[in-house]
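Numbers given in our numbering equal positions in the sequence shown, counted from 1, plus 204. Every residue gets a Cβ at the ideal spot worked out from N, C-alpha and C, and that includes glycine. Just so we're clear, the structure is a prediction, and the values are computed from it rather than from any experiment. Below you'll find the structure, written out as structure tokens, and then a few comments.
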Amino acid sequence: MEPILIYGFPLGSSMGLVAALEWLRKPYRLCRVDMLGEMRLPSYARINPRHETPVFVTDKGRVLTENMAIAGWLAARDAERRISFDPLSPEADRMHQLMAFVNTGFTAAFSPLWAALEMQTPDPAMQSALRRWGQGNVMQRHDRLEELIGEGPFLLGERPTLADALLIGVARWLDFHAVADRGRWPKLDALRARLEADPAVIHATALESGERSAGSGACVGHIPLAEVIERFGAAR
205 MEPILIYGFP
215 LGSSMGLVAA
225 LEWLRKPYRL
235 CRVDMLGEMR
245 LPSYARINPR
255 HETPVFVTDK
265 GRVLTENMAI
275 AGWLAARDAE
285 RRISFDPLSP
295 EADRMHQLMA
305 FVNTGFTAAF
315 SPLWAALEMQ
325 TPDPAMQSAL
335 RRWGQGNVMQ
345 RHDRLEELIG
355 EGPFLLGERP
365 TLADALLIGV
375 ARWLDFHAVA
385 DRGRWPKLDA
395 LRARLEADPA
405 VIHATALESG
415 ERSAGSGACV
425 GHIPLAEVIE
435 RFGAAR
């Protein structure tokens with residue numbers, strides 16, 4: 205069977221993994237999930253008890269969660285090295301370093317902003333404090349990433365890799381939360397612009413928005429969430 209990626213909307217970090225699957229050019233299926241609705245239902249716990257996206261069902265029917273675990277599965281099967289590098293190479297070490305930074309410190313910096321936005325019982329004083337804290341964290345992490353970006357068009361040279369995929373799903377949160385003008389970080393801004401113009405990212409963004417997009421043809425269709433849970437979810 206083809207692997208299945210459960211990706212979330214709106215503005216899910218998983219958008220970048222859809223782009224990575226396009227870059228990989230191997231058949232895959234998708235399952236689009238409303239993170240503000242159906243992801244919070246009790247039934248979703250059968251596929252991910254943490255009620256999060258992404259979730260990945262491998263070609264053997266095993267369920268993986270967490271961006272880094274899914275990216276590792278893709279890298280291990282990237283025989284043509286379209287989105288990764290020889291695992292013993294210094295380029296692979298650098299890619300893993302950048303992926304870890306994006307997946308931990310960079311992504312986590314936005315957590316106070318999401319907490320303020322999603323607070324079920326509004327507390328203006330607490331929300332204001334969370335926003336100030338989050339904005340400072342986000343700007344500091346953008347400063348660090350700006351320092352890490354080299355001279356190539358993408359994070360690791362001439363082509364996008366899994367590191368770019370993890371970044372592009374999250375980097376747009378800067379604009380959504382109106383933290384600062386992205387032009388404050390010129391190298392990161394240029395990288396984002398190149399990724400946003402990439403056909404795979406355009407395809408992934410369109411699907412996330414509920415639009416039709418043919419993409420490269422590697423995606424062989426969407427599967428309803430209920431079917432994925434029924435076929436691959438843990439018994440409850």
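Just verifying my parser: in three-state terms, what is the DSSP assignment at residue i?
i	result
L234	strand
H426	strand
L395	helix
G361	strand
S247	helix
W377	helix
G437	coil
P390	helix
N341	helix
I372	helix
R348	helix
L366	helix
E400	helix
E431	helix
E415	coil
E242	helix
Select from the options the residue whose C-alpha is nearest the C-alpha of residue i.
i	options	result
P258	A422, M303, G212 and L228	G212
R388	R416, T409, R348 and P294	R348
G421	A430, P403 and S413	P403
Q301	L366, Q344, K391 and A320	L366
M343	R363, V383, D379 and D368	V383
L378	K264, L317 and A438	L317
E350	A375, L268 and D263	A375
I433	M219, A224, R345 and V261	V261
E431	L225, I251 and A369	I251
M219	R229, V405 and E355	V405
E226	P207, S332, E242 and M243	P207
E322	L209, L240 and M205	L240
P357	P428, D393 and R336	D393
A397	T308, L371, E415 and I210	L371
E242	A438, L429 and F436	L429
F310	H346, A418 and P328	H346
H381	S413, N341 and K391	N341
D263	H255, P291 and W277	W277
V306	L234, E295 and I353	I353
For the beta strand (DSSP E) that contains residue i, what are its first and last residues?
i	result
F213	I208 to F213
On the DSSP letters alone, give me the boundaries of the alpha helix (DSSP H) that residue i sits inside.
i	result
D385	Element bounds for D385: n/a, residue is neither H nor E.
E412	P403 to E412
G220	M219 to L228
Which full runs of the beta strand (DSSP E) of 3+ residues lie inside the segment 257–339, going along the chain?
259–261 and 267–269
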